[in-house]
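In order, the protein sequence lines correspond to chains A and B.
Be aware that the first sequence starts at 9, since it is given in the working numbering, and climbs by one per residue.
Be aware that the second sequence starts at 2, since it is given in the working numbering, and climbs by one per residue.
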Amino acid sequence: MSDIATLERDILGAVASASDEAALEALRVAALGKKGSISELLKTLGAMSAEERKVNGPLFNGLRDKVTNAIAARKAELGDVALNARLASETVDVTLPARPEATGTIHPVSQVLDEIAAIFADLGFAIAEGPDVEYDDYNFTKLNIPPDHPAREMHDTFYIARQEDGSRHILRTHTSPVQVRTMLKQKPPIRVIVPGRTYRVDNDATHTPMFHQLEALVIDEKTHLGNLKWVVEEFCKAFFEIENVTLRARPSFFPFTEPSVEWDMRCDRSVPGKIAFGTGNDWLELGGSGMVHPNVLDMCGIDSTKYQGFAFGFGLDRMAMLKYGAPDLRPFFESDVRWLRHYGFASLDLPTLDGGLSR
Amino acid sequence: MKFTLSWLKAPLDTDAAVDAIAERLTSIGLEVESVEDAGARLKDFAVAQVISAEKHPNADKLRLCMVDAGDGAPLQIVCGAPNARAGIKVVLARPGTVIPVTGEALKIGTIRGVESRGMMCSARELLLGEDHDGIIELPTDAKIGDKAAIALGLTDPVIDVSLTPNRGDCTAVYGIARDLAASGLGRLREGDLSPVPGKFPSPIKPAVETEAAPMFAGRLIRGVKNGPSPKWLQDWLKAVGLRPISALVDVTNFLSLDRGRPLHVYDAAKVKGDLRARLAKDGETVLALDGKTYTLDPTMVVIADDNGPQGIGGVMGGEDSSCTDATTDVFVEAALFDPISIARTGRKLGIISDARYRFERGVDPEFVLPGIELATKMILEFCGGEPSELVVAGAPPAWKRSIDFDPGHVSRLGGIEVPKSEQIAILKRLGFTVEDAGASLKVSPPSWRSDVNLSADLVEEIVRMHGLNKVPSVAMERLHAVAKPVLTPAQRRTRFVRRTLAGRGFNETINFSFIPRAHAALFGGGDDVRQVENPISADLDALRPSVLPSLLAAAARNAARGFDNLMLFEIGAQFESGMPGAQALIAAGIRTGNGARSWSKATHPADVFDVKADMLAALEAAMGSAMTAPAKAGAPGWYHPGRSGTLALGPKVIATFGELHPKVLAAFDLKGPVAAFEINLDAIPESKAKGKARATFAPSPFQAVERDFAFVVDGKVTAEEVLRATKGADRALIEAATVFDVYEGKGVPEGKKSLAVSVRIQPRDKTLTEPEIEALAQKIVAAVTKTTGAALRA
Numbered sequence: 009m010s011d012i013a014t015l016e017r018d019i020l021g022a023v024a025s026a027s028d029e030a031a032l033e034a035l036r037v038a039a040l041g042k043k044g045s046i047s048e049l050l051k052t053l054g055a056m057s058a059e060e061r062k063v064n065g066p067l068f069n070g071l072r073d074k075v076t077n078a079i080a081a082r083k084a085e086l087g088d089v090a091l092n093a094r095l096a097s098e099t100v101d102v103t104l105p106a107r108p109e110a111t112g113t114i115h116p117v118s119q120v121l122d123e124i125a126a127i128f129a130d131l132g133f134a135i136a137e138g139p140d141v142e143y144d145d146y147n148f149t150k151l152n153i154p155p156d157h158p159a160r161e162m163h164d165t166f167y168i169a170r171q172e173d174g175s176r177h178i179l180r181t182h183t184s185p186v187q188v189r190t191m192l193k194q195k196p197p198i199r200v201i202v203p204g205r206t207y208r209v210d211n212d213a214t215h216t217p218m219f220h221q222l223e224a225l226v227i228d229e230k231t232h233l234g235n236l237k238w239v240v241e242e243f244c245k246a247f248f249e250i251e252n253v254t255l256r257a258r259p260s261f262f263p264f265t266e267p268s269v270e271w272d273m274r275c276d277r278s279v280p281g282k283i284a285f286g287t288g289n290d291w292l293e294l295g296g297s298g299m300v301h302p303n304v305l306d307m308c309g310i311d312s313t314k315y316q317g318f319a320f321g322f323g324l325d326r327m328a329m330l331k332y333g334a335p336d337l338r339p340f341f342e343s344d345v346r347w348l349r350h351y352g353f354a355s356l357d358l359p360t361l362d363g364g365l366s367r
Numbered sequence: 002m003k004f005t006l007s008w009l010k011a012p013l014d015t016d017a018a019v020d021a022i023a024e025r026l027t028s029i030g031l032e033v034e035s036v037e038d039a040g041a042r043l044k045d046f047a048v049a050q051v052i053s054a055e056k057h058p059n060a061d062k063l064r065l066c067m068v069d070a071g072d073g074a075p076l077q078i079v080c081g082a083p084n085a086r087a088g089i090k091v092v093l094a095r096p097g098t099v100i101p102v103t104g105e106a107l108k109i110g111t112i113r114g115v116e117s118r119g120m121m122c123s124a125r126e127l128l129l130g131e132d133h134d135g136i137i138e139l140p141t142d143a144k145i146g147d148k149a150a151i152a153l154g155l156t157d158p159v160i161d162v163s164l165t166p167n168r169g170d171c172t173a174v175y176g177i178a179r180d181l182a183a184s185g186l187g188r189l190r191e192g193d194l195s196p197v198p199g200k201f202p203s204p205i206k207p208a209v210e211t212e213a214a215p216m217f218a219g220r221l222i223r224g225v226k227n228g229p230s231p232k233w234l235q236d237w238l239k240a241v242g243l244r245p246i247s248a249l250v251d252v253t254n255f256l257s258l259d260r261g262r263p264l265h266v267y268d269a270a271k272v273k274g275d276l277r278a279r280l281a282k283d284g285e286t287v288l289a290l291d292g293k294t295y296t297l298d299p300t301m302v303v304i305a306d307d308n309g310p311q312g313i314g315g316v317m318g319g320e321d322s323s324c325t326d327a328t329t330d331v332f333v334e335a336a337l338f339d340p341i342s343i344a345r346t347g348r349k350l351g352i353i354s355d356a357r358y359r360f361e362r363g364v365d366p367e368f369v370l371p372g373i374e375l376a377t378k379m380i381l382e383f384c385g386g387e388p389s390e391l392v393v394a395g396a397p398p399a400w401k402r403s404i405d406f407d408p409g410h411v412s413r414l415g416g417i418e419v420p421k422s423e424q425i426a427i428l429k430r431l432g433f434t435v436e437d438a439g440a441s442l443k444v445s446p447p448s449w450r451s452d453v454n455l456s457a458d459l460v461e462e463i464v465r466m467h468g469l470n471k472v473p474s475v476a477m478e479r480l481h482a483v484a485k486p487v488l489t490p491a492q493r494r495t496r497f498v499r500r501t502l503a504g505r506g507f508n509e510t511i512n513f514s515f516i517p518r519a520h521a522a523l524f525g526g527g528d529d530v531r532q533v534e535n536p537i538s539a540d541l542d543a544l545r546p547s548v549l550p551s552l553l554a555a556a557a558r559n560a561a562r563g564f565d566n567l568m569l570f571e572i573g574a575q576f577e578s579g580m581p582g583a584q585a586l587i588a589a590g591i592r593t594g595n596g597a598r599s600w601s602k603a604t605h606p607a608d609v610f611d612v613k614a615d616m617l618a619a620l621e622a623a624m625g626s627a628m629t630a631p632a633k634a635g636a637p638g639w640y641h642p643g644r645s646g647t648l649a650l651g652p653k654v655i656a657t658f659g660e661l662h663p664k665v666l667a668a669f670d671l672k673g674p675v676a677a678f679e680i681n682l683d684a685i686p687e688s689k690a691k692g693k694a695r696a697t698f699a700p701s702p703f704q705a706v707e708r709d710f711a712f713v714v715d716g717k718v719t720a721e722e723v724l725r726a727t728k729g730a731d732r733a734l735i736e737a738a739t740v741f742d743v744y745e746g747k748g749v750p751e752g753k754k755s756l757a758v759s760v761r762i763q764p765r766d767k768t769l770t771e772p773e774i775e776a777l778a779q780k781i782v783a784a785v786t787k788t789t790g791a792a793l794r795a
């Protein structure tokens, strides 16, 4: 008995103090290998009497199991130690900067256009587009601005040099020629918005020779001034993401609308450099509008005795400036990356009506 | 259009305050740009007198003044103005008064140890001018204690209305008063338009010799004594920015502003023969009242005597026959001119004048003679003299017209119900004659409203006067229960490309469509047909033939600020000529620099393969599936000839990409590497996908096998040729093939290169056996060898 106990103590002690897997393997062979001390003991069972075997069998087998388990446990222990040591050696300074990746941005004018498109799409307006270089006829004459009309002086026009066929054209001074193009090719009912680049000979602190306009055009048999007011109101609520909008209408004049109306929206400018929408005692000029002039309808092939509708337009850049607090127009077109990153939008910030137009 | 409140109140009988008037003007479409009410602004400033001005005990340049403000003990004020001296009358600000120039309230101060209980103001401190050399000295008769504004003559607010070009009738104070009265604010005083009897026949006869001047009339007044006009008239003219000249000239300026009726006065002694309105002879010159000599052509109307042109008709009078203080006989003239002719002449000669402004907007054709009568009365009053009979040539062109007007049009177009009776009343107040013909009205506009011709114009008049803000907001009909998508396929493509590029790290820019001609020339443009004739500046004179020069210029500006590693893109037009529609929508991007430095990542200069990936990603976003057509070497001349490519579908170039030519970079002053791509969004074919469902998902259940090959090929053989041959070996089994290494150098013969190709073999019917795979490998080697002359690398 005491021999067995001694053997067990010796082996388990050696296993516990084995310092690496090789030593542990040597111990396993010495104890449990073919000629191992425990294997030798187990071999003696065959020569024993039944009585003796009854006593020694469990004893020897128990010893074998204990040693087997102890070796496995020690092996796992040694593995953990080795792994921990390796992990410790692999430690890095996690405060090092992440690998650089470029973050792109969407220009505020594109973003605001997507916002406005989402609003008008819900109202059933498609998006119409046209060329930057235009016929004088579409930019002026068909919009009821005949040559030498004083209203032409409201538009400081860029002229393009004479073409090979002798014709001479202009850079469009507003997006309204696209109204003409739309009416010439599409029968009413018409609901479109027209965004785009526009050009005027103007270059100072608040004007750039190129800027963006957006206008809306509706032609059908019954749309009237009250509908125009509703659309402007609903647009402002949705675009500025406010609950209440108070509009002020001012009679105005555009050669292509009659009656013509300019719209102001209630705002608060009492804090210098800030503007709040929907409250306050100040007025923000939104843009011009009116009922499409019968002459324009007729010149565009639409029977003005049957059809009517409205048009209204505003500065797209200005809308971006107002909503997102960009005080100056000029940097919109200067491509300073600092500005682009400051005022730009994430690529996945696609404005939606369900998720909200902006964050 | 500027006028003062008292001027407006001459023809308009009203007690309304200036604010109420301004609000009404804007609400009826006469937009008030500003009301400069210096009297109200300066109400806290008073007239005071300096009693004594001694040297400040502690400062050489300051004076210690005692100032009498008319209410008890004099105030002690320290003043630094050089003109502060005893006896002068000054503008006094007491403590608590807000000083306009600073916007801050004045405090009782201690200046160099002496208390100062007020301030004597300079013109600049009151925002009345730039003068800051000294304090304002008021007239000696200014009453101490009065409001300073009275002594300064600033009690009459100046209203500035921004007129729309249709309202020729409101280029007159009287016309504005008429509109206000029609809106219910005040009552209009018509004034005395009765004719002045002539005492003798006019020795100067007017004649009209062109249709561009349908009427020309006048009268001589002899024995006048010209001199300064009355103070009230000078004050009004000065308040609106005109310089008083003499009674005779001031009368014409006044009536131009007051009645919208331009007139001209000739010194009859300087007129030879009669005055004729005729077309100018080519090359004729006239010295105009602005001191400049203008050369005329036969599209322009002149008023000429036997000596030649005495004025540019309806635009500007001439110097030769102008009135002076020595004038004793004056010929007062008024005429009608064709608005288009006036506009053309004014534009050609570059003259902006009060007369042109009115004539090109259309003056009242019936007010030629009343205008002369009014002028006559004023001249007789101011200068004395004896009037001749009126002499008239021509007549007003026909202007009377009748519009059939359905009162229901107001609600149909204007969206507001206005009772017929009110409609009629409004029109009548505006001077229209209205005949109620039962269902419709017959409406005739007055002579001064040439802008009203259609039923819609009448709707505007009625809604404007009834109150535009009363129009109720009415919802538009919803076309679909759930809104339908509205973007065209091209618009959707553009949006996908834009957001894909931003997602890859590009910053979107928007640049001007015009660029310097020299830049345009580097990109295939710079020709005459793409020139802007009147550019804003010499370096924005060419329509851009490519978006890249805009981006390169932007990169150079950013580089100058220390930003070298840029990814910029723009989606915008490039122009093929100056014809409408000769433009394409381009998505272009550039990468510049050597990449952001990092402790853990190798950097590389922006190169052709960076932008190839950008271009392919953008195209995949645009098309909804990967671009399968291969790129070919070669691109336009602004790219590096050996490091650029073109992607085309048939003859249609979809995109070009590559590193930029060093000469182009040098032209933009760019130092580092730049790679770029240009995608013609208009050239991308529309998706052919039918329906929304995807093809059935059928992954092969059998193990795929990867095999690598190293082919040694001639240096000129392209990767594309090798890959195409590889894939062609067995289109059913070979799912993909790609190049994973390119090697030239030791072990590979001179002039050759080794391409390492990885092939993914995907069986569909059964797992391939080793001999089958081996057989396929042999097929691949055979195919590549045959088409490219490759050898398998040993």
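Glycine is no exception: its CB is placed at the ideal position from the N, C-alpha and C atoms.
These numbers were taken from a predicted model, which means no experiment stands behind them.
heavy atom of the ligand SAM below 7 Å from residue i C-beta
| i | result |
| --- | --- |
| Arg494 (chain B) | In terms of ligand content, the structure shown is empty, and the ligand SAM therefore cannot be addressed. |
Residue i in three-state terms, based on DSSP
| i | result |
| --- | --- |
| Met9 (chain A) | Only weak support is given to the placement of Met9 (chain A): the predicted model assigns it a pLDDT of 46, under 50, and the value that follows is read from those uncertain coordinates. Note: Met9 (chain A) maps to coil in three-state DSSP. |
| Val782 (chain B) | helix |
| Thr501 (chain B) | helix |
| Asn167 (chain B) | coil |
| Arg107 (chain A) | coil |
| Asp144 (chain A) | helix |
| Val369 (chain B) | helix |
| Glu138 (chain B) | coil |
| Trp347 (chain A) | helix |
| Leu769 (chain B) | coil |
| Phe658 (chain B) | strand |
Inter-residue Cα distance where the pair is residue i and residue j
| i | j | result |
| --- | --- | --- |
| Met9 (chain A) | Asn69 (chain A) | Only weak support is given to the placement of Met9 (chain A): the predicted model assigns it a pLDDT of 46, under 50, and the question is left unresolved by the model. |
| Trp271 (chain A) | Leu131 (chain A) | 20 Å |
| Asp16 (chain B) | Gly187 (chain B) | 8 Å |
| Thr286 (chain B) | Ser322 (chain B) | 14 Å |
| Glu16 (chain A) | Asp73 (chain A) | 11 Å |
Interface residues of chain B facing residue i [CB-CB closer than 8 Å]
| i | result |
| --- | --- |
| Asp130 (chain A) | Ala484 |
| Lys237 (chain A) | Gly416, Val472, Pro473, Ser474, Val475 |
Nearest-angstrom beta carbon gap, residue j and residue i [assumed within contact, 8 Å]
| i | j | result |
| --- | --- | --- |
| Arg258 (chain A) | Thr27 (chain B) | 6 Å |
| His605 (chain B) | Ala554 (chain B) | In fact, because the Cβ distance is near 25 Å, the residues do not count as touching under 8 Å. |
| Phe318 (chain A) | Val300 (chain A) | 7 Å |
Residues that residue i contacts on chain A, provided the C-beta gap is smaller than 9 Å
| i | result |
| --- | --- |
| Ser547 (chain B) | Correct list: empty, because the minimum Cβ distance to chain A is about 15 Å. |
> Which parts of the stretch 243-301 of chain B are runs of the alpha helix (DSSP H), unbroken and 4 residues or longer, counting only runs that do not cross its ends?
Replying inline: Runs of the alpha helix (DSSP H) inside the stretch 243-301 of chain B: 248-260.
> Which ranges does the beta strand (DSSP E) cover as unbroken runs of at least 3 residues, wholly within the stretch 168-234 of chain A, from first to last along the chain?
Replying inline: If we require 3 residues or more, the beta strand (DSSP E) runs fully inside the stretch 168-234 of chain A come out as 198-207, 218-228.
>> Which complete alpha helix (DSSP H) runs does the stretch 514-564 of chain B hold, if anything under 4 residues is left out?
In response: The qualifying runs are 518-523, 549-561.
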